[in-house]
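Quick notes on the structure that follows.
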Ligand SMILES: Nc1nc2c(ncn2[C@@H]2O[C@H](COP(=O)(O)OP(=O)(O)OP(=O)(O)O)[C@@H](O)[C@H]2O)c(=O)[nH]1
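Residue numbers (the UniProt record's numbering): 1 to 419.
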């Protein structure tokens, strides 16, 4: 039996508005929009600079007064949500308790999904938090499978009835949950995406036992949950470092970077990390893509190539990885956005199911601005980003994470877009 419950907790006395991030006013982007409209394939949509990621046709949804005011004031009033995932026993509840007892100035609503007759995690969390009223339990199954509808209901109930009581939602999944369907709830449910924005996926890794789970060969068509949890992460916490030697940690880190070349990684004991590593991540914000793909945590550096098609990195002629992995492309050069349209549209049509995450910063012709995009499976957002500095090298950076990625084909597709 799984339980899904939430509790509201105030971890600090100082209150803040729910992350009112101003939208930016950008110069006309008619060129981009013209191009982007041809981009639409299935759920795939690119957007203007001040549109919201993953929201689809919000016009026909009822406007509440808060969102109308927010729209008029031009800021994003949606409540951010963080998904904490990780294999059984990796330290999810330990991290949750750390969040609930840290001074970050945010009031947190927690949604928990636990397997087992007894709600052990619930009582552990409750005993650590300063307030444990408003606990709701649903005993239907796993968050990523049968409880998705309940998750939608619970998120909507939280934002409709108790919006004034919290600033951030944290969702702890079961150790066996696949994060993909949970993430998709935020992308595909119109009401949820109107009121709640996915801030990031934080994955706990038990350094002592993770390799065993990551290397486990599953029968065909059976998902390796541990691998998926790493693949979808925006932040990875290598937890329980007190239980392993440095050499073991190195092997594990290498394995994790191979699966996910995008996430930032931190080592921890008992889930103790800075709060800004887990809250306010902006993993799905277009205006954060630039800094994310450039950051230390993004492991693109090993895959440099020049703009003329000669690999400088240690690539094989044909790389076809049947497991989950990352492909990073870092290349100077200018891209034709129409060609990028076609390429990504084809890619999504052919491989959307296998493409877990992608992010990119592009240098496109006839534009002084970067072009940024990010996506999950066949849902993609893109828009103009920061202006290139006059003497700045215009380097394209793209990261793809997914199953059965064919690196050679991806690189060829990219090169086909260079002008
Ligand atoms: N040695 C050590 N133990 C840890 C660390 N972090 C957590 N633990 C312990 O590991 C056990 C499991 O931690 P939890 O936080 O319950 O893990 P979980 O991921 O929520 O577990 P499930 O809900 O069963 O999936 C607990 O006994 C924790 O005290 C750490 O960094 N080092």
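Ideal placement from N, C-alpha and C gives every residue a C-beta, glycine not left out.
**Item:** Residue ranges of each alpha helix (DSSP H) within the stretch 192-216, 4 or longer
**Value:** 210-214
**Three-state secondary structure (DSSP) of residue 221** = Counting from one through the chain shown, the residue named residue 221 turns up at place 221. Three-state DSSP puts residue 221 in coil, outside helix and strand.
**residue 217 and residue 81 closer than 8 Å at C-beta** = Taking the chain shown and counting its residues from 1, one reaches residue 217 at position 217. Taking the chain shown and counting its residues from 1, one reaches residue 81 at position 81. No, Cβ-Cβ distance for residue 217 and residue 81 is not below 8 Å.
**Request:** Take the Cβ of residue 97 as the centre, count every other Cβ of all protein chains shown within 10 Å, and call the residue buried at 16 or more, exposed below.
**Result:** Locating residue 97 in the chain shown gives position 97, where the first residue counts as 1. That one is buried.
**Item:** Classification of residue 384 by the beta-carbon crowding that lies within 10 angstroms, buried from 16 upward
**Value:** As a working note, residue 384 is residue 384 in the chain shown. It counts as buried.
**Message:** Judging by CA-CA distance, which residue of 351, 90, 246 and 222 is the nearest neighbour of residue 230?
**Reply:** Here residue 230 refers to the residue found at position 230 when the chain shown is read from its first residue. Comparing Cα positions, the closest option is 90.
**Message:** Contact between the stretch 279-289 and the stretch 369-380 is defined here as three or more beta-carbon pairs at a separation below 8 Å; is this criterion met?
**Reply:** yes
**Alpha carbon of residue 394 to alpha carbon of residue 327, nearest angstrom** = In the chain shown, counting from the first residue as 1, residue 394 sits at position 394. In the chain shown, counting from the first residue as 1, residue 327 sits at position 327. The alpha-carbon atoms of residue 394 and residue 327 are separated by roughly 20 Å.
**Item:** Beta-carbon contacts of residue 106 that lie in its chain and below 6 Å, excluding the five residues immediately before and after
**Value:** Walking along the chain shown from the start, residue 106 turns up at place 106. Once the five neighbours on either side are set aside, the close Cβ partners of residue 106 are 167 and 168.
**Prompt:** Buried or exposed: where does residue 378 fall if 16 or more other Cβ atoms within 10 Å of its Cβ makes it buried?
**Reply:** Here residue 378 is taken as the residue at index 378 of the chain shown, counted from 1. Residue 378 is buried by the Cβ-count criterion.
**Request:** Compare the Cα-Cα distances from residue 274 to each of 250, 99 and 360 and report the closest residue.
**Result:** Locating residue 274 in the chain shown gives position 274, counting from the first residue. Residue 274 has its Cα closest to that of 99, out of 250, 99 and 360.
**Reference residue 381, options 357, 391, 408 and 182, closest by Cα** = What you label residue 381 is simply residue 381 of the chain shown in a count that begins at 1. The shortest Cα separation from residue 381 among 357, 391, 408 and 182 belongs to 357.
**Message:** Tell me the rounded alpha-carbon separation between residue 209 and residue 243.
**Reply:** As a position in the chain shown, residue 209 is number 209, starting the count at 1. As a position in the chain shown, residue 243 is number 243, starting the count at 1. Residue 209 and residue 243: Cα-Cα distance of roughly 10 Å.
**Request:** Consult DSSP for residue 377 and reduce its assignment to one of helix, strand or coil.
**Result:** Within the chain shown, residue 377 is the residue found at index 377, counting from 1. Correct three-state label for residue 377: coil.
**Message:** Across the stretch 405-416 and the stretch 341-361, are there enough close Cβ pairs to call them in contact, namely three or more that are closer than 8 Å?
**Reply:** yes
**Message:** Rounded to the nearest angstrom, what separates residue 190 and residue 154 at their Cα positions?
**Reply:** Along the chain shown, one-based indexing puts residue 190 at 190. Along the chain shown, one-based indexing puts residue 154 at 154. Going by the C-alpha atoms only, they are around 15 Å apart.
**Request:** Please state whether DSSP places residue 326 in a helix, a strand or coil.
**Result:** Stepping through the chain shown from its first residue, residue 326 is reached at position 326. If DSSP states are grouped into helix, strand and coil, residue 326 belongs with the strands.
**Request:** Tell me, please, which residues DSSP counts as bridged to residue 232.
**Result:** Numbered from its first residue, the chain shown carries residue 232 at position 232. DSSP lists no partner for residue 232.
**Request:** Kindly give me the distance between the Cβ atoms of residue 113 and residue 174, rounded to whole angstroms, as I take these residues to be in contact under 8 Å.
**Result:** Reading the chain shown from its first residue, position 113 is the one you call residue 113. Reading the chain shown from its first residue, position 174 is the one you call residue 174. Contact holds; Cβ gap of about 5 Å.
**Request:** Using a Cβ cut-off of 8 Å (strictly closer), state whether residue 368 contacts chain D.
**Result:** No chain D appears in this structure, which consists of one protein chain only.
**Prompt:** Which class does residue 82 belong to by DSSP, given the choice of helix, strand or coil?
**Reply:** Residue mapping note: residue 82 aligns to position 82 of the chain shown, counting from 1. If DSSP states are grouped into helix, strand and coil, residue 82 belongs with the strands.
**Request:** Check whether the Cβ of residue 242 lies closer than 7 Å to any heavy atom of ligand 1, and answer yes or no.
**Result:** Stepping through the chain shown from its first residue, residue 242 is reached at position 242. Checking the Cβ of residue 242 against ligand 1 gives yes.
**Request:** Determine the direct distance from the alpha carbon of residue 95 to that of residue 241, and round the result to whole angstroms.
**Result:** Within the chain shown, numbered from 1, the residue matching residue 241 stands at position 241. Within the chain shown, numbered from 1, the residue matching residue 95 stands at position 95. One C-alpha to the other measures close to 14 Å.
**Prompt:** Does DSSP classify residue 258 as helix, strand or coil?
**Reply:** Here the question's residue 258 lines up with position 258 in the chain shown. If DSSP states are grouped into helix, strand and coil, residue 258 belongs with the helices.
**Close beta carbons around residue 420, own chain, < 7 Å, minus the five adjacent residues each side** = Because the chain in this structure spans residues 1 to 419, residue 420 falls outside the shown range and cannot be described.
**Message:** Could you check if residue 88 belongs to the surroundings of ligand 1, using beta carbon to heavy atom distance under 7 Å?
**Reply:** By one-based count along the chain shown, residue 88 stands at place 88. True, at least one ligand heavy atom lies under 7 Å from that Cβ.
**Request:** Kindly indicate which residue of 86, 252 and 202 has the alpha-carbon position closest to the one of residue 215.
**Result:** Position 215 of the chain shown, counting from 1, holds the residue named residue 215. Among 86, 252 and 202, the Cα nearest to that of residue 215 is on 252.
**Message:** Suppose you measure from the CA of residue 198 to the CA of residue 83; what does that come to, to the nearest Å?
**Reply:** Taking the first residue of the chain shown as position 1, residue 198 is located at position 198. Taking the first residue of the chain shown as position 1, residue 83 is located at position 83. The straight-line gap from Cα to Cα measures roughly 8 Å.
**Asked** Looking at the structure shown, is residue 400 part of a helix, part of a strand, or coil, going by DSSP?
**Response** Taking the chain shown and counting its residues from 1, one reaches residue 400 at position 400. Strand.
**Message:** Can you tell me whether residue 168 is helix, strand or coil according to DSSP?
**Reply:** Counting from one through the chain shown, the residue named residue 168 turns up at place 168. Strand.
**Item:** Limits of the unbroken alpha helix (DSSP H) element including residue 357
**Value:** As a first step, residue 357 must be located in the chain shown, where it is residue number 357. That residue, residue 357, is in no alpha helix (DSSP H); its beta strand (DSSP E) goes 355-363.
**Asked** Between residue 269 and ligand 1, is the CB less than 7 Å from at least one heavy atom?
**Response** Walking along the chain shown from the start, residue 269 turns up at place 269. Checking the Cβ of residue 269 against ligand 1 gives yes.
**Asked** Looking only at its own chain, which residues have a Cβ that is under 6 Å from the Cβ of residue 363, when we skip the five neighbours before and after it?
**Response** Taking the chain shown and counting its residues from 1, the one referred to as residue 363 is at position 363. 334, 394 and 396.
**Spatial neighbours of residue 339 in its chain, beta-carbon cut-off 6 Å, leaving aside the 5 residues before and after** = Looking up residue 339 in the chain shown gives position 339. Around residue 339: 417.
**Prompt:** So, residue 201 versus residue 183, is the Cβ gap smaller than 8 Å?
**Reply:** On the chain shown, residue 201 is found 201 positions in, with the first residue counted as 1. On the chain shown, residue 183 is found 183 positions in, with the first residue counted as 1. Yes, Cβ-Cβ distance for residue 201 and residue 183 is below 8 Å.
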